[in-house]
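FYI, in my numbering the residues of the sequence shown are -15 to 798. Below: the structure, in structure tokens.
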Amino acid sequence: MNKTLNQTKIFSLLLLVSVIFSCSKTEDVVEKDVRIVEDFNFNWNFKLGDFPEAIKPNFQLTDWRTLNLPHDWSIEGEFSEEHPTKPEGGALPAGIGWYRKTFSLPVDWNGKSVSVEFDGVYRNSEVWINGHYLGKRPFGYISFAYNLTDYLNFGTKENVIAVKVDNSLQPNSRWYTGSGIYRNVRLVATENLYVDHWGTYITTPKVIKDKATVAFETTIKNDSTAKRVFKLVNTILDSDNLEVVVSEKIDTIQAHTSYVTRQQMEVVNPVLWSVENPYLYTVKTKIYEGENLVDNYETPLGIRYFSFNAKKGFSLNGVSTKIHGVCLHHDNGALGAVANKHAIKRKLQIMKDMGVNAIRVAHNPSSLELLQLCDEMGLIVQVEAFDVWKKRKVKNDYNLEWDEWHKRDLQDLIRRDRNNPSVMMWSIGNEIREQFDSTGIAMTKNLVKIVKSLDQTRPVTCALTENIPEKNFIYQSGALDLLGFNYKHEDYGTFPENFKGQKIIASESVSALETRGHYDATSPEIKFWPPAHNESFDGNDDYTVSAYDNVAAYWGTTHEENWKTVKKLDYIAGTFIWTGFDYIGEPIPYPYPARSSYFGIVDLAGLPKDVYYMYQSEWSYKNVLHVLPHWNWNAGQEVDVWAYYNNADEVELFVNGTSQGVKSKQDEELHVSWKVNYEPGTIKVVSRKAGQVVLEKEVHTAGAASQIALEADKAEIKNDNYDLVYVTVNVNDDQGNLAPRANNLIQFEVTGGGKIVGVDNGYQASLESFKAKQRKAYNGKCVVIIQSNGKTENIQMKATSDGLKEATIQIDVE
């Protein structure tokens, strides 16, 4: 009787609250955002070394630098074989560094919940606010946040945040990591009733042609001392910011608790997210108390459905789609590990223009910006959590943190990235050593369980190297939804028999080696540098590798051989090429002074190697005709001339107007070639379809280098201290032909609203500083990266070199 009476009272109270909320006219009120998100990147102080006293508010900053984040101190250093990072880690310094920032908060923030969000700090970061210890995150690639509320000052009394970054324990990686607060930092202030950090989860459990079901989970947090009654409003907006559908819910939450609430809506005639049309909706989440808006939060929504099939591979929105993927490390060339959105966008656009439709982030959680851009640009993503589990690959890698941190790090990764529509696969590891012993069974099951507890909408995979089932204990766990295999393309034909009924993707492939613009005589046989079993090899004295696509690491193959295999096997969902771009570190096949990889389809400066156009001819719809090599050789020398092409029946080569014959790709060929004796002048290739010319390309013998030419990748930038422009510097002859072997030292001067933040030429064994004001051209080219300095003056860049005609370029500043 009493229980029934209490239930009646509770129901009456909720009914009354519902009436109050329904009578409120929140929709008629002009609302402005109440959640405050501030850029926290500016005006930090930094110094290399260990300064434990820096946590104290009255600590004296004597010779500390003032800088803006994101920041990577390693990229500022000099190359040395003696650095404990070793050439595999880029041969750049690491060590310990401290960051410190003094800031004030307005009085009206008193009473709010205030947090600081770090997108990534490499590594072993520890954070203090006003002398109070907040915590430690060893994993250098994970995002995290700390609540500062209890320790803050408001008004005239200042606050001091201090961050220690300890990257001294080396080596801790197989590639370049960078050091410092290399991703973005934000300060977030909310009322005491708010959407928790990464507090939304949106799925589309049912998508059909004319309707999509959209399910929401919202984690509400109440930091106050009282129970709160609130109205939760979730609104789906289309890409024009027009309302599509709204869901409202009245609920209660106890003091000092978190609470998950669920809603469901339907979108009629949804526009589906695809690689061709990456259409994005936005979900706006609002929390009201009475008529008062107390929090607002936004989440991206891409409506799409996809599947992997053991026989037919991958399909997106019901359309069979081969995954044309590349693996990308997190560094941005001359910027180091700095996560600049404009640098990442340039990298992704170069890949997209090649025909890439998928990115595998290797071998660790990516920046937020990369995923946001993949959402916007239409790139499928495989997110990868770890390169190692408990068994190490190098002495001081993540194996040291595994037991204490792997669960939390994996959970945080999934929570952060599960709303990005571009993300379609979770990888729990790369070439994990536990695949070779029975511990791999239980560990795999545990990791998959962690992922599935937070997201069941995407398959879980792992990049495996052992393709004999009885030897692979990760496979034997039976926990993976999708089997990823690295290399051994010659075994792909056995997979349907050896892995019956399994869904399969080539998670990493190729490992071919090239240096942009360098050509050795071709060979009918593939060269393996280095060969298996650490045998010696006849490498080049100048640490180059031919760009003809005929050299690979012993575990891999050439680009053409891999793609010919994957292309014809429907049950292979696709391939991720190692790698889209060269990256700092892992300079296989050479020792120091080589300090960057040779694996990229594009060099470290962002300049495509020739094989870029093979992929473009196969993976894109653009008309392609590309001829290699350059045309500066010794008289009478026999030269191999290759052409990549598509959308044509044949290609004809002319040398100084004389036909060298018509060629067509036969069987599975991906290029055509001629052997001709060099004579100065012009080579010309013409592609034709049904007798009609599709494209023509010419390469001229260049004379002596005589002038500089500048090409900017965009005409204007914003004056926001972030925006970048990449200027390609060409060393040409007096006719405007690229001098293909020019290595002139070019000096740069930038004035106005920009500053030089990086220089590079793509040569993997260059020991020149990435932060200098000059750079040698390599094979006729180098690149200057200019960043906004906040001034509203147009940027002028001048390039000079002894013996060359100088060049200038202007970039407008908005």
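Ideal placement from N, C-alpha and C gives every residue a C-beta, glycine not left out.
For R672, the residue or residues it bridges with in DSSP: The residue labelled residue 672 in the question sits at position 688 within the sequence shown. R672 pairs with E634 and V677.
Do you know how far the Cα of S750 is from the Cα of E260? For this step, residue 260 is matched to residue 276 along the sequence shown. For this step, residue 750 is matched to residue 766 along the sequence shown. Computed Cα separation, rounded: 39 Å.
Helix, strand or coil at W513 according to DSSP, with G and I counted as helix: Looking up residue 513 in the sequence shown gives position 529. W513 falls in the coil class under three-state DSSP.
L221 versus L357: straight-line alpha-carbon distance, rounded: In the sequence shown, the residue the question calls residue 221 occupies position 237. In the sequence shown, the residue the question calls residue 357 occupies position 373. Cα to Cα, L221 sits roughly 19 Å from L357.
Identity of the residue in V310, K195 and V251 nearest N546 by Cα: Stepping through the sequence shown from its first residue, residue 546 is reached at position 562. Among V310, K195 and V251, the Cα nearest to that of N546 is on V310.
With a cut-off of 8 Å, do at least 3 Cβ pairs link the stretch 728 to 745 to the stretch 776 to 784? Counting Cβ pairs under 8 Å, three or more are found: they touch.
Taking 8 Å as the threshold (C-beta atoms), are S437 and G468 in contact? Position 484 of the sequence shown, counted from the first residue, corresponds to residue 468. Position 453 of the sequence shown, counted from the first residue, corresponds to residue 437. Cβ atoms of G468 and S437: not closer than 8 Å.
Give the C-beta separation of W658 and L679 to the nearest angstrom, bearing in mind that I take them to be a contact with Cβ-Cβ under 8 Å. Here residue 658 is taken as the residue at index 674 of the sequence shown, counted from 1. Here residue 679 is taken as the residue at index 695 of the sequence shown, counted from 1. W658 to L679, Cβ: 17 Å. No contact.
Own chain residues within Cβ distance below 6 Å of P254, not counting five before or after: By 1-based counting over the sequence shown, the position of residue 254 is 270. Result list for P254: A196 and I287, in chain order.
Under the rule that 16 or more other beta-carbon atoms within 10 Å means buried, what is L226, buried or exposed? On the sequence shown, residue 226 is found 242 positions in, with the first residue counted as 1. Exposed, because fewer than 16 other Cβ atoms sit within 10 Å of the Cβ of L226.
Would you tell me roughly how many angstroms separate the C-alpha atoms of D587 and V179, rounded to the nearest one? Residue 587 sits at position 603 when you count from the first residue of the sequence shown. Residue 179 sits at position 195 when you count from the first residue of the sequence shown. About 43 Å.
Nearest CA to the CA of V743: which residue from R19, L312 and G317? The residue you call residue 743 lines up with position 759 of the sequence shown. Selected option, being the one with the closest Cα: G317.
Taking a contact to mean a Cβ-Cβ separation below 8 Å, would you say N168 touches L312 in this structure? Here residue 168 refers to the residue found at position 184 when the sequence shown is read from its first residue. Here residue 312 refers to the residue found at position 328 when the sequence shown is read from its first residue. No, the pair does not count as a contact, with Cβ atoms beyond the cut-off.
With W562 as the anchor, note down where its beta strand (DSSP E) starts and where it stops. Within the sequence shown, the letter at position 578 stands for residue 562. Run containing W562: I556 to W562, per the beta strand (DSSP E) assignment.
Tell me which residue opens and which closes the beta strand (DSSP E) that F200 is part of. Numbered from 1 along the sequence shown, position 216 holds the residue referred to as residue 200. Residues K195 to N206.
In or out: V252 buried (at least 16 other Cβ within 10 Å) or exposed? Locating residue 252 in the sequence shown gives position 268, counting from the first residue. Looking at its Cβ environment, which holds fewer than 16 other Cβ atoms inside 10 Å, V252 is exposed.
Leaving out five residues before and five after N705 in sequence, what residues of the same chain have Cβ atoms less than 8 Å from its Cβ? Along the sequence shown, read from residue 1 onward, the residue named residue 705 stands at position 721. Within the same chain, N705 has close Cβ partners F26, N52, Q771, S772, N773 and G774.
In or out: K765 buried (at least 16 other Cβ within 10 Å) or exposed? Position 781 of the sequence shown holds residue 765. By the 10 Å Cβ count, K765 comes out buried.
Looking at the structure shown, is E282 part of a helix, part of a strand, or coil, going by DSSP? Taking the first residue of the sequence shown as 1, we reach residue 282 at position 298. Here E282 sits in strand by DSSP.
Let me check understanding here. Comparing Cα to Cα, which of E110, I186 and D439 lies closest to Y265? Within the sequence shown, residue 265 is the residue found at index 281, counting from 1. Among E110, I186 and D439, the Cα nearest to that of Y265 belongs to I186.
Based on the DSSP output, what are the partners of D624 in its beta bridges? Within the sequence shown, the letter at position 640 stands for residue 624. Answer by DSSP bridge pairing, in chain order: K659.
For D465, does the three-state DSSP call read helix, strand or coil? Position 481 of the sequence shown, counted from the start, is the residue given in the question as residue 465. Note: D465 maps to coil in three-state DSSP.
If we call anything under 8 Å between Cβ atoms a contact, is R579 one with V378? By 1-based counting over the sequence shown, the position of residue 579 is 595. By 1-based counting over the sequence shown, the position of residue 378 is 394. In this structure, R579 lies away from V378, with their beta-carbon atoms at least 8 Å apart.
Pick from L553, A537 and E622 that is closest to Y582, judged by C-alpha positions: Against the sequence shown, residue 582 aligns to sequence position 598. A check of alpha carbon separations from Y582 across L553, A537 and E622 identifies A537 as the nearest.
Put V432 into one of helix, strand or coil per three-state DSSP. Here residue 432 refers to the residue found at position 448 of the sequence shown. Of the three classes helix, strand and coil, the one that applies to V432 here is helix, per DSSP.
Residue from D92, H614, V172 and P71 with nearest C-alpha to F102: The residue you call residue 102 lines up with position 118 of the sequence shown. Considering only alpha carbons, the answer is V172.
Is the stretch 602 to 620 touching the stretch 641 to 651 in the sense that three or more CB pairs, one from each, lie closer than 8 Å? no
Could you round the C-beta distance between G362 and Y555 to whole angstroms and report it? I think they count as a contact, below 8 Å. Counted from its first residue, the sequence shown places residue 362 at position 378. Counted from its first residue, the sequence shown places residue 555 at position 571. About 25 Å; that fails the 8 Å criterion.
Are the beta-carbon atoms belonging to P71 and P571 less than 8 Å from one another? Residue 71 sits at position 87 when you count from the first residue of the sequence shown. Residue 571 sits at position 587 when you count from the first residue of the sequence shown. The answer is yes: Cβ separation under 8 Å.
Reduced DSSP secondary structure (H/G/I, E/B, other) of T241: Position 257 of the sequence shown, counted from the first residue, corresponds to residue 241. T241 falls in the strand class under three-state DSSP.
So, at 8 Å on beta carbons, what are the nonlocal neighbours of K789 in its own chain, with the 5 sequence-adjacent residues on each side left out? The sequence position of residue 789 within the sequence shown is 805, counting from 1. Cβ within range, chain order: S690, Q691 and I692.
Would you identify the three-state DSSP class for V529, choosing helix, strand or coil? Taking the first residue of the sequence shown as position 1, residue 529 is located at position 545. DSSP places V529 in coil when its eight states are reduced to three.
Alpha-carbon spacing of D207 relative to A323, whole angstroms: Taking the first residue of the sequence shown as position 1, residue 207 is located at position 223. Taking the first residue of the sequence shown as position 1, residue 323 is located at position 339. Rounded to whole angstroms, D207 to A323 spans 32 Å at the Cα level.
Taking all protein chains shown into account, do 16 or more other C-beta atoms lie within 10 angstroms of the C-beta of V244, making it buried, or fewer, making it exposed? For the purposes of this step, residue 244 is taken as residue 260 along the sequence shown, with counting starting at 1. Result: exposed.
Which residues DSSP lists as bridging K267, in chain order: In the sequence shown, counting from the first residue as 1, residue 267 sits at position 283. According to the sequence as given, residue 267 is Val; it is not Lys. Answer is I220 and T283, bridged to V267.
If I follow the unbroken beta strand (DSSP E) through E492, where does it start and stop? For the purposes of this step, residue 492 is identified with residue 508 of the sequence shown, where counting begins at 1. Per DSSP, the continuous beta strand (DSSP E) segment holding E492 begins and ends at I488 to V494.
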